[in-house]
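In this text, residue positions in the sequence shown follow the working numbering: the first is 1017, and each later residue adds one. Heads up: the structure comes next, in structure tokens.
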Amino acid sequence: MATIKPFKCIRPAKDVASKVAALPYDVYNREEACEVVKGNELSFLNIDRAETQFDSSVDTYDEKVYAKAKELLDKRREDGTFVEDKGECYYIYELTMDGRAQTGLVACASIDDYKNNVIKKHENTRADKEADRIHHVDTCNAQTGPIFLAYRANAVIREIIDNVKKESPLYDFVSDDNIKHRVWKIEKDADNKTIMDEFKDIDSIYIADGHHRAASAVKVGFKRREENPDYDGTEEFNFFLSVLFPDEELMIMPYNRVVKDLNGYSVSEFLDKIGENFEIEEKGSEPYGPEVKGKVGMYLEGKWYSLTAKESVLSDDPVDGLDVSILQQYLLTPVLGIGDPRVDKRIDFIGGIRGLKELERRCNSDMKVAFSMYATSIGELFAVSDAGLLMPPKSTWFEPKLRSGLFIHELS
1017 MATIKPFKCI RPAKDVASKV AALPYDVYNR EEACEVVKGN ELSFLNIDRA
1067 ETQFDSSVDT YDEKVYAKAK ELLDKRREDG TFVEDKGECY YIYELTMDGR
1117 AQTGLVACAS IDDYKNNVIK KHENTRADKE ADRIHHVDTC NAQTGPIFLA
1167 YRANAVIREI IDNVKKESPL YDFVSDDNIK HRVWKIEKDA DNKTIMDEFK
1217 DIDSIYIADG HHRAASAVKV GFKRREENPD YDGTEEFNFF LSVLFPDEEL
1267 MIMPYNRVVK DLNGYSVSEF LDKIGENFEI EEKGSEPYGP EVKGKVGMYL
1317 EGKWYSLTAK ESVLSDDPVD GLDVSILQQY LLTPVLGIGD PRVDKRIDFI
1367 GGIRGLKELE RRCNSDMKVA FSMYATSIGE LFAVSDAGLL MPPKSTWFEP
1417 KLRSGLFIHE LS
């Protein structure tokens, strides 16, 4: 039983929504973030990454950075950039990329559901990455970046969403990366109640993207409980901002790999070693992305290859059977010597949105060999989460990215 509730939303005024909406804070390094906010003082990245308001002598995690984030958020609320809706509602958030639309429900999820594994995870989180967002959320007294959640499609919820989408949207704009964004508010109390009741019959919700944001929001919630021992569970700090998408509408893109060297092997020796666990087929000079599970593309010295995993290395295990696991266990570790891909400096990861030409470019500059993956499916993600297991690092790349700043959830 999942608690997915409507909330009182703080959101941008209609005429500035397109200027406010920003990609998630963690897709940029500091230099890139500073560049993005130049000339757009309304970009939510000014608040999400408030170190952009200081010169490089101020540390990214300095206390005054978080104070500046709160100051900017308060200023934007006072000057009318943001408005606050009076009642608790759900919202609908549709993103369209390359003609394909996916529609999510904007709501608040329960920190208890997260703790009790009704909301399921497939990645570990790092305390150092959590600390930044914990400080940001706690200081701003608001969650500003929604968590990307997934659920098994529900016909009743779909019908309500489809009907509301026939109305005029609150927002309708195309962002700089050519993604179309549309937002609606679900006004009818009966619709809001029905949606909440339907989620009570859904046993499992899944984190698709945003594990660190989720963990941080939840930890702030439990911190607030300690500070307010008389809490009754209805306070806003007991919930965290989310956008929930039905599984049937989600697309996961591949997360490709590039490696700096061949671990001392010559090309012929390297191919011989790969051949122990993969069938190798030359594909020529045209970029090759695998078309079925169990295959991996490889780019090496101007040639593309298809690597097909042999029967002996395939597995029915939810984790060991993933293509990224097979590549790691039977090629990256034993042949290339990549033990822990999270910390090894010889490997890098490239989101599928960058395309296969980016793999060629890297191999022609600072890397030696590239691997193009077949995308992990949403069914595989659910299976790993249901088994209480964890995916290898960089297993999924979701597009399009949710924008920050369109929905803000205040904690008190």
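By construction, the Cβ of each residue, glycine as well, lies at the ideal position given by its N, Cα and C atoms.
Asked: Ignore the nearest five residues each way along the sequence and tell me which others in F1215's own chain have a CB closer than 6 Å to its CB.; Found: A1018 and I1020
Asked: State buried or exposed for T1250, treating a residue as buried only when at least 16 other CB atoms are found within 10 Å of its CB.; Found: exposed
Asked: Whose C-beta lies closer than 6 Å to the C-beta of S1401 among residues of the same chain, with five residues either side of it excluded?; Found: K1136, H1138 and Y1222
Asked: Please list the terminal residues of the continuous beta strand (DSSP E) segment that includes D1188.; Found: Y1187 to V1190
Asked: Could you compute how far the alpha carbon of R1362 sits from the alpha carbon of D1277?; Found: 7 Å
Asked: DSSP state of Y1041, grouped into three classes?; Found: helix
Asked: Could you give the DSSP three-state label for I1394: helix, strand or coil?; Found: helix
Asked: For the alpha helix (DSSP H) containing Y1130, name the first residue and the last one.; Found: I1127 to K1131
Asked: In the DSSP assignment, what are the bridge partners of K1319?; Found: L1316
Asked: Check this for me: beta carbons of T1112 and I1195, under 9 Å apart or not?; Found: yes
Asked: Do H1425 and I1026 count as a contact pair if the criterion is CB distance below 9 Å?; Found: yes
Asked: Suppose only complete runs of 3+ residues qualify. What are the beta strand (DSSP E) ranges in the segment 1146-1214, listed by chain order?; Found: 1163-1167, 1187-1190 and 1196-1201
Asked: Using the C-alpha atoms, what's the distance from V1385 back to V1275?; Found: 5 Å
Asked: For the alpha helix (DSSP H) holding N1380, just list the boundary residues, first then last.; Found: No alpha helix (DSSP H) holds N1380; DSSP gives it neither H nor E.
Asked: If you follow the beta strand (DSSP E) that F1387 is part of, which residue opens it and which one closes it?; Found: V1385 to S1388
Asked: Note the first and the last residue of the continuous alpha helix (DSSP H) segment covering K1080.; Found: E1079 to E1094
Asked: For Y1222, which beta-bridge partners are listed by DSSP?; Found: K1136 and A1166
Asked: Nearest to K1145 by alpha carbon, out of A1123, D1071, Y1041 and C1124?; Found: Y1041
Asked: Skipping 5 residues on each side, what residues in its chain have a beta carbon closer than 7 Å to that of D1148?; Found: Y1077
Asked: Could you please give the first and the last residue of the uninterrupted alpha helix (DSSP H) stretch that includes R1046?; Found: R1046 to V1053
Asked: Check whether the Cβ atoms of M1407 and L1338 sit closer than 9 Å, and answer yes or no.; Found: yes
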